[in-house]
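Report on the structure given below.
Residue numbers (our numbering), protein chains in the order written: chain A, 1 to 213; chain B, 1 to 780.
This is the structure we're talking about:
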C-alpha cells in the first residue's frame, strides 16, 4: 500500500523538526500508543492499540530513523506485529520552509500489511490509515502550538493530547465521510431536525388555536 | 425388477430431519469431558520459524495443553499423499511435497498452523493463542504462477531446484503437422483465477481416544471417512478396527473435504491420544479461507488450428497450474483439465505441456469441477475465436466438430486422471446441444430478439456451449443390504454424504429390487463401523459407483429372498413377485409371506440348517467400473450488460444434461441448480485475491462474494438419456456438470452482448470492475 500526502504546520521548520523527533510527543500524537521508548540513537520500540473496522488489537513495534538531514528530511522504517497481524514499511518525510513562517511536510511511504488486518480489514485500511495520519498530524500541530505559546510566555506547556476515544471518533467520522460525503450527512440531519421543529411548532400553534375555540 | 421408484421425482427422505434441526453435524457432538482446540496460524505466507514461546499460553487459567511441532517428536511427519503419484512414465517429472501437522522450520502459506492450544473452552483457547509469541523471519513470497519458475524466484521448498512440482506432456497425433495444414491458427493467453469452495459448514473434528478401550472415535466433516480411518490407524500404529471415523451430516463438501489428511486431523488425533480426553475443533470462516484447500488457478498459452470450413485440426496448450504450498493431490486437477481440453469434440491432433508450480498460497485440491471448467473454457473459447475469424455461426462450427453418436466408445488416446486411457463411453452430443439451442430459442433470438433489443439500446447477448464431464471413476465402492425382522431394509455404504440426497436415491434403488417403499429403507453412509470398505465421495461418483454397489447388494438379497420364499410358499421363484414388503405368488395375492417373517426364518434360534447356508437376508457387494462414465450436456444463457455499471442480469439460463439413467430427477435438478450457481460465481463473483506477499485480501464473506438467490436466475432444465454401458443402472455422474461449462457460456454471452466494443474475454472470473477495465483498455 502506498501512502502519500502533505500537511502544513503552523510554525517554523526547526520547531517542527524538534517535535517530530521527540518520542514523547510522537507517542501522544497517535493515541492508542501505549509506550514509545528510545532504545538506541535512532531506534524506538513501543506498542500501540489499533482499530480498523472489525479488527482491533495491540501492535508491538519498532521504528528506526535513518538518512537524517536536520531539519530537512529523514526516513522511517516501521515494523509492527500483534494479534491482528503485522505491518511494516518505510516512509520518507521532508520538511519545507514556507514564506509565511509555516512548514510544509511531505511524506511518501510503502506499507505492507498482513494477517487479519489485511484479510478482513482490507476494505477499510486505506481510508483508516490516511485518516489516522491526518488526525495524528493535527495532534502534532496542536502540540506545536502549545509549545510555541509556552516558549513565548515562558510558561509550562499546556497541551492535552486527544484521548484514544476522541481520536477513534475522529477517524470513524472520516471513514463515514468516505462512504457518504459528510456535507450530505450534515445536510440530511439538518433537514430532518428542521422538519421536526417545524412540525412541532405547527402542532403547538394548532393545538393552542384549538383551545381558544 | 420393475422400476416403480427409480426415476421418480421423490422428495428427499432426509429433509424433514435437516429442516427441523434434528440432523447431527459435527458441532452437535458433545462428549463428557470434551476440551476445545484453537490453532495459532501464520500471518506470513513465507517465513522461517526461528523460535516459538508458548509459556504465557500454558500459564493461562483453563489451558490444558499447548503443542508445537517439537512436542510431537516422531509423530511429526508429512502426510502420505492423497492419490498415488504418477507411475514412472517417460517424460514425467513429479516432486511430492505433502502438508505437515504443524510448522517446524518454514511457513509456506498464510494460515499454516504453528501451534495448537487445548483448553476448557474455545474462548480460553482463542485467548491463549494470542499469548503465544512466534519469532518468524519473513521471506519473499512466490505468488504469481507465471513467474514462479523464474530463475530468481524464491523457493517454496528448500530441497528442490526450483518451484516446479511437476512436468508432463501429452500428445495425440501430430499437432505441428496439423498446424501446417491449417488455414487459420489462433493463439491466445487464457487465465482462470482461484476460487474457494465456500461450503456452508466449515470443517470440524471431534477426536476422542478412550485409553481404557484403546479406541479412537473421530467425528469429521470429511468426504472420505474410510481412507481417513485407514490412514490414521497406520499413522498411529493402531489396527483399523480400533479407529471409527464418522462423517455425519455435512453442510456441503464440494471437493476440499476429500483432502486427506488435513493437518488438523492428524494433530488432533495425536493430541487426544496424549491427553486421553475428547477434543473438539470447529473451523471458523477466516480459517476456512486459509486452511481449507482451494482451486482453479491456471494460465494457458493456447492455440487452435482450423480449416476454412471450420473443421478443427488440432489444439495445443502450454499451461501452468498452481498447486499452492504443497501437492498432496498429485496431478488429478491438471490431468482433468487435459481430459476436457478437447471438449465434446473429435479433435485429431493435440499437444499439451503441463507445468505444475509451488506457490506460497493455500493448497490446491479439487473444488467442484476439478480442472474440468478450465479445459472446457480453453476448448470453447478457442472455438468461439475460430468462428469469429472464419465468420461462421458458433453453433455451426460446434456441430461440425462434435464427436458423433456412432463413435462411442471414443478413445481419446491420452491418459486420464488415473493414468489410464481416456475413453468417452457413450452419448449423443449433438442431441443435447440442439435441445439447448431449441430451448433458448437460438435462431429466433439472434434473428429477431437481439436486433430488436439492440435497437432499443440494450446490450443483450447469448452464450451456448456443449461440454463433457468425466464421472463415476473407480476404483470401487461397496454396500451391505439387510432385510430386518420388521420387514424394513438397512443399507450401509462407505461414501460420505454432504447433501447429495444419497439417503433417498440409494433407497429408491433398494426399494425397486426388494419391493418395499423407499421410506422403509434406512441408509447409513459415512460411518466406518457400519461399512469399512470404500474410497469416498468425489468425482461425481456416488450415484454411479456406490449406487451400483447398492444395486448389486440389493439384487443379491432379492435372490436370497426369492429362494427362501419359494420354499416357504412352495412355488417356483419365477412365479413370485416382491410387492409392498411381501413376497407374493403372482396372480394369487392371498398367498404371500412378509419380508420380515422371511428374515426371522433366515436366522433361526434352534435347529439345523443346511451346510453352506448364510444366516439372514443380507448381502455385501461391490462395484468397480472398467473406467469412468462420461456425462455430457449443453448450457445456454441470455444476459444483459449495463455498459455504464457493467452489472449483468441473466435473463434466461438453460441446461440440457445427459447423465444416463436418472435415479431421481428432483435430486438431479438440485445438483444442476447448485452447480450452475457455483459456475456463475466462478464467472462473475467469487475470486480469491492475493497480494504480492501472498496475503489473501478478501478472507471474509463480506469481501468474497458468494452469490445469493438474487443473482442466480431460474434454471430451465432439459434431459437427454443415454444410459452408460459401463454399469447395470446405466447411470453417469451429475455433481459437477452444472458448474463446468458456465464460465465458457458466460464469456461468449458477454462478448456477444458487448459486440460493439470488440471485446475478447480471455480470463475468468470477471467482475463489474474487471469488465469495465477490459472495455476501457480496448478504448485506450
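In this text, a Cβ means the ideal position worked out from N, Cα and C, and glycines have one as well. Note that the coordinates shown come from a computational prediction; the quantities given were computed from them, not determined experimentally.
In the three-state DSSP reduction, residue 413 of chain B falls in the strand class (E or B). When 7 angstroms is used as the limit between beta carbons, residue 123 of chain A is near these residues of chain B: 703, in chain order.
Contact annotation for residue 83 of chain A against chain B: 130 [CB-CB distance below 7 angstroms, chain order]. Rounded to the nearest whole angstrom, the C-alpha separation of residue 100 of chain A and residue 4 of chain A is 24 angstroms.
Residue contact check for residue 687 of chain B against chain A: no CB pair falls below 8 angstroms.
The residue among A:96, A:63 and A:146 with its C-alpha nearest the C-alpha of residue 156 of chain A is A:146.
One finds nothing in chain B with a Cβ atom closer than 8 angstroms to the Cβ of residue 34 of chain A; even the nearest lies about 16 angstroms away. Among the residues of chain A, those whose CB is under 9 angstroms from the CB of residue 699 of chain B are 116, 118, 119, 120 and 122, following chain order. By the criterion of a C-beta distance shorter than 7 angstroms, residue 728 of chain B is surrounded in its chain by 548 and 551, once the five residues flanking it on both sides are discounted. The C-beta distance from residue 753 of chain B to residue 461 of chain B rounds to 3 angstroms, short enough to fall under 8 angstroms. Setting aside the 5 residues that flank it on each side, residue 215 of chain B is surrounded in the same chain by 242, each with a C-beta closer than 6 angstroms to its C-beta; the list follows chain order. One finds 43 in chain B with Cβ atoms closer than 7 angstroms to the Cβ of residue 86 of chain A, taken in chain order. Taking 8 angstroms as the threshold, the shortest C-beta distance from residue 433 of chain B to chain A does not fall below it. If you look at residue 356 of chain B, you'll find it in the beta strand (DSSP E) that goes 349-358.
Here residue 598 of chain B carries a helix assignment [DSSP, helix/strand/coil]. Within chain B, no C-beta atom comes nearer than 9 angstroms to that of residue 38 of chain A; the closest sits roughly 23 angstroms away. In this structure, residue 137 of chain A sits away from residue 125 of chain A, with a CB-CB distance that is not shorter than 8 angstroms. Ranking B:208, B:357 and B:255 by CA distance to the CA of residue 244 of chain B puts B:208 first.
Secondary structure note for residue 105 of chain A: its beta strand (DSSP E) is the uninterrupted segment 103-114. For the region 76-88 of chain B, the beta-carbon criterion of a distance under 9 angstroms to any beta-carbon of chain A is satisfied by none of its residues.
Cβ atoms of residue 298 of chain B and residue 367 of chain B stay farther apart than 8 angstroms, at about 13 angstroms. Taken in chain order, the unbroken stretches of alpha helix (DSSP H) that lie wholly in the region 9-59 of chain A and span 4 residues or more are 13-20 and 23-29.
From the listed residues B:665, B:453 and B:535, the smallest Cα separation to residue 651 of chain B is found for B:453.
In this structure, the alpha-carbon of residue 315 of chain B lies about 7 angstroms from that of residue 342 of chain B. For residue 112 of chain A, the chain B residues whose C-beta falls within less than 7 angstroms of its own C-beta are 693, listed in chain order.
The continuous alpha helix (DSSP H) containing residue 337 of chain B extends over residues 332-340.
Contact annotation: the region 126-139 of chain B touches the region 45-63 of chain B, with at least three C-beta pairs closer than 8 angstroms. Look at residue 256 of chain B here: in three-state DSSP terms it is helix.
Residue-level contact check: residue 289 of chain B touches chain A, since one or more beta carbons of chain A fall below 8 angstroms from its beta carbon. For residue 137 of chain B, the uninterrupted beta strand (DSSP E) run begins and ends at 133-138, by DSSP. Residue pairing for residue 604 of chain B: DSSP places it in no beta bridge. Bridge pairing for residue 295 of chain B: B:195 [DSSP].
Measuring C-alpha to C-alpha distances from residue 246 of chain B to each of B:228, B:429, B:67 and B:255 identifies B:228 as the nearest.
Pairing residue 391 of chain B with residue 260 of chain B, the inter-Cα distance amounts to about 49 angstroms. Between residue 201 of chain B and residue 255 of chain B, the C-beta gap is not smaller than 8 angstroms, which leaves the two residues out of contact. Scanning B:135, B:89 and B:119 for the CA closest to the CA of residue 169 of chain B turns up B:89.
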